[in-house]
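In case it helps, this note's numbering puts the sequence shown at residues 3 to 216.
Backbone N, C-alpha and C define an ideal beta-carbon position, used for all residues, glycine too.
The structure appears right after this line, and notes come after that.
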Amino acid sequence: MTASPLHVLLAGATGLTGGGVLRELLAAPDVARVLAPTRHPLPPAPRLENPVGVLQRVLPQLQPPVDIAICCLGTTIARAGSREAFRMADFDLPLAVARRARKLGARHCLVMSSLGADASSRTFYTRVKGELEQALIAQDWPQLTIVRPSLLLGPRAEFRLGETIAAPLSRLLPGRWRGIHVETVARALWRLAREKGEGVRVVESDELRRLGAR
3 MTASPLHVLL AGATGLTGGG VLRELLAAPD VARVLAPTRH PLPPAPRLEN
53 PVGVLQRVLP QLQPPVDIAI CCLGTTIARA GSREAFRMAD FDLPLAVARR
103 ARKLGARHCL VMSSLGADAS SRTFYTRVKG ELEQALIAQD WPQLTIVRPS
153 LLLGPRAEFR LGETIAAPLS RLLPGRWRGI HVETVARALW RLAREKGEGV
203 RVVESDELRR LGAR
């Protein structure tokens, strides 16, 4: 029996990892539609539907069907400008995307979290990521996949001093602590998206590396 073509909602398609996921989706023959809302227009492509605007305003306008939701939204506190702005980008918006995806019919949600995510962490960044994970679990998804990549490696549009310094060192670290290339994460996300399952699955960076290997 031939599987039905998939309709995928992708949030964060202009980001480093999201851009990689978008390329995976557009190259997949079993994807009927990629619904990718962005603040700035994406290059036109077959099967790509690209509503443009502020995400909070665009989300209510999105139309079904959606089978799978992939959220690659994320920033840094320095880039966001404040803790409040960071929390909006890394907690409020991913949660809103997931909530809307459920209403559109999605049964599987995949979200980018972070290595060390912990709602009880003393570090603000990892605490917010942990709180997001808890809030998504509370949405009671039929299938929820949380990925926790380590330091993301790849060509960014903007310069990040801390990551530029840390990237060479992160390649020498063992297991899940070693830096991981964004294309590897993108391939792993798409592979995970197509896996059938139930409940919550947390995927650490070393497993992402294995899943995303060519």
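Start and end residues, alpha helix (DSSP H) containing residue i
i, result
"Gly22", "Leu18 to Ala29"
"Val60", "Leu57 to Val60"
"Phe126", "Phe126 to Ala140"
"Ala82", "Ile79 to Ala82"
"Arg49", "Arg49 -> no alpha helix (DSSP H), and no H or E assigned at all."
"Phe88", "Arg85 to Arg89"
Assigned secondary structure, residue i (DSSP; H/G/I helix, E/B strand, else coil)
i, result
"Thr147", "strand"
"Val99", "helix"
"Gly156", "coil"
"Ala13", "strand"
"Glu197", "coil"
"Ala190", "helix"
"Leu44", "coil"
"Leu8", "strand"
"Leu213", "helix"
"Gly118", "coil"
Rounded straight-line distance, which links the Cα of residue j to that of residue i
i, j, result
"Ser122", "Ala103", "28 Å"
"Val60", "Glu51", "12 Å"
"Ala215", "His183", "10 Å"
"Arg196", "Pro53", "24 Å"
"Val99", "Cys73", "7 Å"
"Ile167", "Lys105", "Bear in mind that the predicted position of Ile167 carries a pLDDT of just 42, short of 50, making it too unreliable to give a figure here."
"Arg158", "Tyr127", "The predicted model places Arg158 with a pLDDT of 49, which falls under 50 and marks its position as unreliable, so this point remains unresolved."
"Leu12", "Arg124", "31 Å"
"Ser84", "Ala91", "11 Å"
"Gly21", "Arg189", "11 Å"
"Arg212", "Asp32", "23 Å"
"Val205", "Pro43", "31 Å"
Beta strand (DSSP E) segment containing residue i, residue limits
i, result
"Ala34", "Val33 to Leu37"
"Gly201", "Gly201 to Glu206"
"Leu112", "His110 to Met114"
"Ala71", "Ile70 to Cys73"
Anticipated Cβ contact below 8 Å, residue i with residue j, distance rounded
i, j, result
"Leu134", "Leu97", "7 Å"
"Arg109", "Asp69", "7 Å"
"Gln145", "Gly199", "5 Å"
"Leu117", "Ser152", "5 Å"
"His9", "Ala47", "Incorrect: roughly 15 Å between the Cβ atoms, too far for contact."
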